[in-house]
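Working notes, structure below.
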Amino acid sequence: MRDVAIVAFAQSNCQRDAGAQNEVELIMPVLTEVFKQTGIKSAQDVDFTCSGSCDYQQGAAFAFVAGVDALGAVPPIKESHVEMDAAWALYEAWLKIQMGSAESALLYGFGKSSPGELPIVLSQQLDPYYLAPLWVDTIAFAAMQARTMLDSGEITEADMAEVVARSRNNALKNPHAQLKGDQTVADLLKEATYVSPLRRHDCCPISDGACAMIICTIEKAEEWGKPYAIIKGIDHRIETHHIGSRDLSRSVSTEIAGKAAGVANGPVDVAELYAPFSHQEIILKKALGLGDDTVINPSGGVLAGNVMMASGLSRIGEVAMRIIRGEAKRGVAHATSGPCLQQNLITVLEAK
Amino acid sequence: MAQLAAVVGVGQTKYKTKRKDVSIAGMVREAAVNALEDAGLTWNDIDAVIIGKAPDMFEGVIMPELYLTDALGCNGKPMLRVHTAGSVGGSTAIVAATYVQSGVFKRILTVSFEKQSESNAMWALSNPQPFSPHLNAGAGGYFAPIIREYMRRSNAPYDAGIKVAVKDRLHGAKNPLAHLQLPEITMKEVEDSPMLWEPLRFLEACPSSDGACAMVIANEELAAKSPRKPAWIRGAAMRSEPTMYAGREQVNPRAGIDCAKDVYAQAGIHNPRKDLDCAEVYVPFSWYEPMWLENLGFADEGKGWELTMSGATSLTEGGDIPWNPSGGVLCSNPIGASGMIRFAEAAQQVRGEAGDHQVDGAKTALGHAYGGGAQFYSMWVVSSEKA
Numbered sequence: 043m044r045d046v047a048i049v050a051f052a053q054s055n056c057q058r059d060a061g062a063q064n065e066v067e068l069i070m071p072v073l074t075e076v077f078k079q080t081g082i083k084s085a086q087d088v089d090f091t092c093s094g095s096c097d098y099q100q101g102a103a104f105a106f107v108a109g110v111d112a113l114g115a116v117p118p119i120k121e122s123h124v125e126m127d128a129a130w131a132l133y134e135a136w137l138k139i140q141m142g143s144a145e146s147a148l149l150y151g152f153g154k155s156s157p158g159e160l161p162i163v164l165s166q167q168l169d170p171y172y173l174a175p176l177w178v179d180t181i182a183f184a185a186m187q188a189r190t191m192l193d194s195g196e197i198t199e200a201d202m203a204e205v206v207a208r209s210r211n212n213a214l215k216n217p218h219a220q221l222k223g224d225q226t227v228a229d230l231l232k233e234a235t236y237v238s239p240l241r242r243h244d245c246c247p248i249s250d251g252a253c254a255m256i257i258c259t260i261e262k263a264e265e266w267g268k269p270y271a272i273i274k275g276i277d278h279r280i281e282t283h284h285i286g287s288r289d290l291s292r293s294v295s296t297e298i299a300g301k302a303a304g305v306a307n308g309p310v311d312v313a314e315l316y317a318p319f320s321h322q323e324i325i326l327k328k329a330l331g332l333g334d335d336t337v338i339n340p341s342g343g344v345l346a347g348n349v350m351m352a353s354g355l356s357r358i359g360e361v362a363m364r365i366i367r368g369e370a371k372r373g374v375a376h377a378t379s380g381p382c383l384q385q386n387l388i389t390v391l392e393a394k
Numbered sequence: 046m047a048q049l050a051a052v053v054g055v056g057q058t059k060y061k062t063k064r065k066d067v068s069i070a071g072m073v074r075e076a077a078v079n080a081l082e083d084a085g086l087t088w089n090d091i092d093a094v095i096i097g098k099a100p101d102m103f104e105g106v107i108m109p110e111l112y113l114t115d116a117l118g119c120n121g122k123p124m125l126r127v128h129t130a131g132s133v134g135g136s137t138a139i140v141a142a143t144y145v146q147s148g149v150f151k152r153i154l155t156v157s158f159e160k161q162s163e164s165n166a167m168w169a170l171s172n173p174q175p176f177s178p179h180l181n182a183g184a185g186g187y188f189a190p191i192i193r194e195y196m197r198r199s200n201a202p203y204d205a206g207i208k209v210a211v212k213d214r215l216h217g218a219k220n221p222l223a224h225l226q227l228p229e230i231t232m233k234e235v236e237d238s239p240m241l242w243e244p245l246r247f248l249e250a251c252p253s254s255d256g257a258c259a260m261v262i263a264n265e266e267l268a269a270k271s272p273r274k275p276a277w278i279r280g281a282a283m284r285s286e287p288t289m290y291a292g293r294e295q296v297n298p299r300a301g302i303d304c305a306k307d308v309y310a311q312a313g314i315h316n317p318r319k320d321l322d323c324a325e326v327y328v329p330f331s332w333y334e335p336m337w338l339e340n341l342g343f344a345d346e347g348k349g350w351e352l353t354m355s356g357a358t359s360l361t362e363g364g365d366i367p368w369n370p371s372g373g374v375l376c377s378n379p380i381g382a383s384g385m386i387r388f389a390e391a392a393q394q395v396r397g398e399a400g401d402h403q404v405d406g407a408k409t410a411l412g413h414a415y416g417g418g419a420q421f422y423s424m425w426v427v428s429s430e431k432a
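Residue numbers (this note's numbering), protein chains in the order written: chain A, 43 to 394; chain B, 46 to 432.
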């Protein structure tokens, strides 16, 4: 596989409610920012554009169509959309570059969860015959997963609180974060449970926002004269939808994707893991074989702010920007979708 | 740099108003199993699954691919979900081809579906959107004024649409999978059917269908080992433009013109009417045949209706360039799958597997899909020859 460069990344602040801002107003600022970083004017200056979003968040069929208005797609452009996190839009564009039909691509993801009740909305992504009618929501599923891990003795509630304390603390340095603070594990454990055994802080917040990225061939990055991080490996996998058929303390699809992407081919300085619930960071760390020398979620991760459909691409962007700034030489980014980490994408990034 | 890729298996369900006998998973799996059987393969031979469908509101299941993982034998494999409005079936096929053309995967399964009987597609298409004026009209209401403008500009006779409605239903009567089976249909019957959206009558509109379509796409090496003839993907292109902008040409959209030029250049098509043997084109409302004949370069601007009226696009009248020999969207319309059905039917023609609606000796065919406010396009050209 040929190397692909990430040359630009921008994300909005994670905010609980973007009010009357529409899709275009959410997307435009991050697009303007990545165009500026790359030194180009619009989507006309890249070969391919791909986005990720979910109609049900906005409560409108074809919510992504309005997003096209942010692109300046006159004359018409080569463009596609995944009903997935924008990390998978990156994957589609990466394939286009591998096959040689594009040298550069613009990617963006956006989500406006504020119009609905997200956990209940997401309960409708379950098996429509056997699970959705029960209205099991995402938090209840995650709570069951945490419970199995606590019961087996694999983790303690303090381990979960440690993840939260570190995330919130790291988020103090992240201007885009929604939740930040310097609580201790002891402080956090004093709080009441929400959906037992989860406390509110074990669950990611609900955020509105967007992010954007520009990728290209190494040759194009050199031509643009911009610093870049290199995608060395990328792979995505899905596993069974039937929670009862899975060992919930493991993420088998992450394990396979991590191997295929080559996570273990070198030291991992930094990892951004899309863990919407604190115990899931522990599962992912294990699945990827990350040691204590890897800095995990220096941005604060999604426990500090979670723009559904954009957070996965933002994890990749966070690692890329750290590599571009010289803070890390090699990193891993993870994106997820579905209940209890059903589907996962792993990207391995390196400095040039 | 792109690797050669070919369609080596096609599977479809029977299209009908309500598939009450199967769940969503059962319906999707039926198409997938048919495609695997056609390709002489099993689930283990598939490296990844690329799935497409139109808005999730059509079934009320958010990202249904998560739940369909098990039915599609995808556990432990990559799965990607495409959604580009009505063009999605075509876009999904193109994204799926990319998995192989990139050299990253050897053989993949792609599936598109819609089970429209789970809801009411017309209203799911026109639910009120925040911050936008509410168009409570469905797709027909949206396109009717654009068709009227085409009629005004081209001076087309009032019955050009009626002719298409009859022609595609006569084609569909040769395709046992087609939803509408109207072998006795006449011009008068179409003309006498109720007017829905002037100038579109009931029988000039597509039905609402349940159904799924699947294809297996393989690289050059594996395609050569396939039991049946492969359909080589000679070109694939997509274009998008905004729904509205000042000066937008809505009758003959530029995105469609550009997309066709791109795919023809890749496939070495100079004169589409001569160089292609047939076309499966997304015509959900009768008048879109003459309009797309012009948009896709089969006829000069304002002259598409002449081709239609002459019978050139009719298989039953022995036309030189049959359009929609399968019966097209006017006979079967599971929206999210409709684009892929066009792409798959084009492949079946060049594989010589189209049965009673086979165009004799078809070597090269166009598959076409469009969506949104006629703003998203996907097209491919497939051929019995590699180059």
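Cβ atoms here follow ideal geometry from the backbone N, Cα and C, with glycine treated the same way.
Collapsed DSSP secondary structure at residue i in the structure displayed
i: B:Met72; result: helix
i: A:His321; result: helix
i: B:Asn264; result: strand
i: B:Leu375; result: helix
i: A:Thr198; result: coil
i: B:Arg152; result: strand
i: B:Gln57; result: strand
i: B:His128; result: coil
i: B:Cys413; result: For clarity, residue 413 of chain B is His in the given sequence; the question names Cys instead. Residue state, collapsed to three classes: strand.
i: B:Asn188; result: Checking the sequence shown, residue 188 of chain B turns out to be Phe, not Asn. Helix, per DSSP.
i: B:Val94; result: strand
Beta bridge counterpart(s) of residue i as assigned by DSSP
i: A:Gln385; result: A:Ile280, A:Ser379
i: B:Lys160; result: B:Asp255
i: A:Asp250; result: A:Gln57, A:Lys154
i: A:Leu240; result: A:Val237
i: A:Phe90; result: A:Ala147
i: B:Arg284; result: B:Tyr422
i: A:Glu121; result: A:Thr91
i: A:Ala5; result: Any property of residue 5 of chain A remains undetermined from this structure, which presents chain A solely from 43 to 394.
i: A:Val46; result: A:Thr259, A:Ile273
i: B:Phe343; result: Per DSSP, none; premise fails for B:Phe343.
i: B:Arg193; result: Its beta-bridge partners do not exist; DSSP assigns none.
i: B:Trp242; result: B:Leu245
i: B:Ile278; result: B:Val427
Cβ-Cβ distance between residue i and residue j below 8 Å
i: A:Ala129; j: A:Gly354; result: yes
i: A:Val124; j: A:Gly94; result: yes
i: A:Glu400; j: A:Thr259; result: Since the first and last residues shown for chain A are 43 and 394, residue 400 of chain A lies out of range.
i: B:His128; j: B:Gly97; result: yes
i: A:Leu214; j: A:Asp229; result: no
i: A:Glu314; j: A:His376; result: yes
i: B:Gly397; j: B:Gly217; result: no
i: B:Ala116; j: B:Arg74; result: yes
i: B:Val140; j: A:Glu67; result: no
Contact list for residue i against chain B, beta-carbon separation under 8 Å
i: A:Pro117; result: Glu286, Arg299, Asp303
i: A:Ser295; result: Gly121
i: A:Gly158; result: Those within 8 Å of A:Gly158 in chain B number zero; the least Cβ separation is about 11 Å.
Residues of its chain near residue i, where Cβ-Cβ distance is below 6 Å and the 5 sequence neighbours each way are ignored
i: B:Leu227; result: Arg214
i: B:Asn79; result: Gly56
i: A:Pro269; result: Ile366
i: B:Ala210; result: Val235, Leu248, Glu249, Ser331
i: B:Gly85; result: Pro272
Contacts around residue i, its chain only, beta-carbon distance under 7 Å, and the 5 residues preceding and following it disregarded
i: A:Pro71; result: Ser54
i: B:Asn378; result: Cys251, Pro252, Ser253, Ser254, Pro329
i: B:Ser132; result: Gly384, Ala414, Tyr415, Gly416, Phe421, Tyr422, Ser423
i: A:Glu196; result: Ser291
Proximal chain B residues relative to residue i, where beta-carbon distance stays under 7 Å
i: A:Arg279; result: Gly121, Lys122, Pro123
i: A:His283; result: Leu111, Tyr112, Thr114, Asp115
Cutoff 8 Å: residue i Cβ touching any chain C Cβ
i: B:Pro100; result: In the displayed structure, chain C is absent; the protein chains listed are A and B.
Under 9 Å by beta carbon: chain B residues contacting residue i
i: A:Gln322; result: None at all; the shortest Cβ gap to chain B is about 16 Å.
Where residue i meets chain A, residues with beta-carbon distance less than 9 Å
i: B:Leu170; result: Ala103, Phe104
i: B:Gly105; result: Gln166, Pro170, Ala174
Own chain partners of residue i with C-beta closer than 8 Å, once the 5 adjacent residues on each side are dropped
i: B:Asp345; result: Glu339
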